[in-house]
């Protein structure tokens, strides 16, 4: 819990789409959903918010933001090789993003949602990439919320906690990510109760390397048209406010972005913000025609403008993914969102990643985040 740890109508391209369900069929209502993100903060400008002591687990020092990427084993390998040039074109990310569910799929070994699709594979990532944090999303089906509250999944949660603890790395955990999205259908009270029980069970198991991210899909309308705070589980259970960043303006399938509201909540509660899922999805036919500088100006410029205008943003996670390559998402129209799919975007992105305020993988990373491994193997 906070300060106690070491411390879709349509869906967004995110864990909902890719993981709409780990174990269950993707609902046709899901239209765009999951994760990716991009960020790099421009030099200069640390305002009053930048100097705040957020009191959150593993928050970067003032003036720094965490560079995370995902969302599958193959996507991450591709990002490291073709975007970062294995560290020669730009520094390696400070973290890797992945997904699981209450079956803990992908945590003990490779798991693909469909034959031939990319994998969630925690053991591989731990072995292949050191000096990186983990950003893990725990998928919950709405039918599981009351089951979690009743303790029916306590055994799995306890095992989950042990897996997290044994990674011996900082873990940013998103429980029931995009909680307010219509695609998830989470009743606010049921979500709050389930979220709290999961945190309490993880804490009880001694996993002190976990920081809890309360992740909104940051779009309108929300499920039931509730304000996002209706799903807030309590100050003691949240270390970060998380948001998704896919649709830039009203020009897309959703009514409008709701990011300003989430940033306002973060300010009120003195919490840092993580862009948990972000990706340059082109929704309309006009957007799909954009390439090069036009593509960069359409999505990446507003994205970085948002970061620069809101110093509360202390981490971002980019989804380097070609959605058309997955059998479960090839018909959704999300397209190829890989940074290296466009030469201009790749060049500009690499330049942004070299900015001195972006925190990357390094031997000093954990100490900068206030984390002390129990073993030097990580």
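In our numbering, the protein residues as written are 181 to 558.
Note that the Cβ used here is the ideal one computed from N, Cα and C, for glycine as well.
Quick caveat: nothing in here was measured; it's all calculated off a predicted structure.
message: For residue 494 and residue 239, what's the separation of their Cα atoms in angstroms?
response: Locating residue 494 in the chain shown gives position 314, where the first residue counts as 1. Locating residue 239 in the chain shown gives position 59, where the first residue counts as 1. Distance from the CA of residue 494 to the CA of residue 239, rounded to the nearest whole angstrom, comes to 7 Å.
For residue 425 and residue 391, believed in contact at Cβ under 8 Å, the rounded distance: For this step, residue 391 is matched to residue 211 along the chain shown. For this step, residue 425 is matched to residue 245 along the chain shown. Actually they do not touch by this definition, with Cβ atoms about 20 Å apart.
- request: Thinking residue 348 and residue 381 are a contact (beta carbons under 8 Å), I'd like their distance in whole angstroms, please.
  value: Locating residue 348 in the chain shown gives position 168, counting from the first residue. Locating residue 381 in the chain shown gives position 201, counting from the first residue. With 8 Å as the limit, residue 348 and residue 381 do not qualify as a contact, their Cβ atoms being about 20 Å apart.
field: Beta-bridge partners of residue 457, as assigned by DSSP
entry: Numbered from 1 along the chain shown, position 277 holds the residue referred to as residue 457. The partner list for residue 457 (beta bridge, DSSP) reads 424.
Touch test, the segment 499 to 511 against the segment 437 to 445, Cβ-Cβ under 8 Å, three pairs minimum: no
Distance CB(residue 359)-CB(residue 323) smaller than 8 Å: Here residue 359 corresponds to residue number 179 of the chain shown, with the count starting at 1. Here residue 323 corresponds to residue number 143 of the chain shown, with the count starting at 1. For residue 359 and residue 323, no; Cβs fall outside 8 Å.
field: Beta-carbon proximity of residue 417 to residue 376, cut-off 8 Å
entry: In the chain shown, counting from the first residue as 1, residue 417 sits at position 237. In the chain shown, counting from the first residue as 1, residue 376 sits at position 196. Contact: yes.
- prompt: For residue 540, which beta-bridge partners are listed by DSSP?
  reply: Taking the chain shown and counting its residues from 1, the one referred to as residue 540 is at position 360. Answer is 273.
field: Exposed unless 16 or more other CB atoms sit within 10 angstroms - verdict on residue 212
entry: In the chain shown, the residue the question calls residue 212 occupies position 32. The predicted model places residue 212 with a pLDDT of 36, which falls under 50 and marks its position as unreliable; any figure quoted below should be read in that light. Looking at its Cβ environment, which holds 16 or more other Cβ atoms inside 10 Å, residue 212 is buried.
field: residue 547: first and last residue of the uninterrupted beta strand (DSSP E) it sits in
entry: As a first step, residue 547 is located in the chain shown; it is residue number 367 there, counting from the start. First-last for residue 547: 545 to 548, but that is the alpha helix (DSSP H), not the beta strand (DSSP E).
query: Would DSSP call residue 436 helix, strand or coil?
result: Position 256 of the chain shown, counted from the start, is the residue given in the question as residue 436. Here residue 436 sits in strand by DSSP.
field: Residues bridged to residue 143 [DSSP beta-bridge criterion]
entry: This structure cannot speak to residue 143, because the chain is shown only from 181 to 558.
- prompt: Does DSSP put residue 554 in a helix, in a strand, or in coil?
  reply: On the chain shown, residue 554 is found 374 positions in, with the first residue counted as 1. If DSSP states are grouped into helix, strand and coil, residue 554 belongs with coil.
- prompt: Beta-carbon separation of residue 328 and residue 374 under 8 Å?
  reply: As a working note, residue 328 is residue 148 in the chain shown. As a working note, residue 374 is residue 194 in the chain shown. Judged by their CB atoms, residue 328 and residue 374 are nearer to each other than the 8 Å cut-off.
- request: For the segment 482 to 513, list the alpha helix (DSSP H) runs that are entirely contained and at least 4 residues long, ordered along the chain.
  value: none
task: Please go through the same chain and pick out, in chain order, the residues whose beta-carbon is closer than 6 Å to the beta-carbon of residue 269, but skip the five residues on each side of it.
output: Indexing the chain shown from 1 puts residue 269 at position 89. 530.
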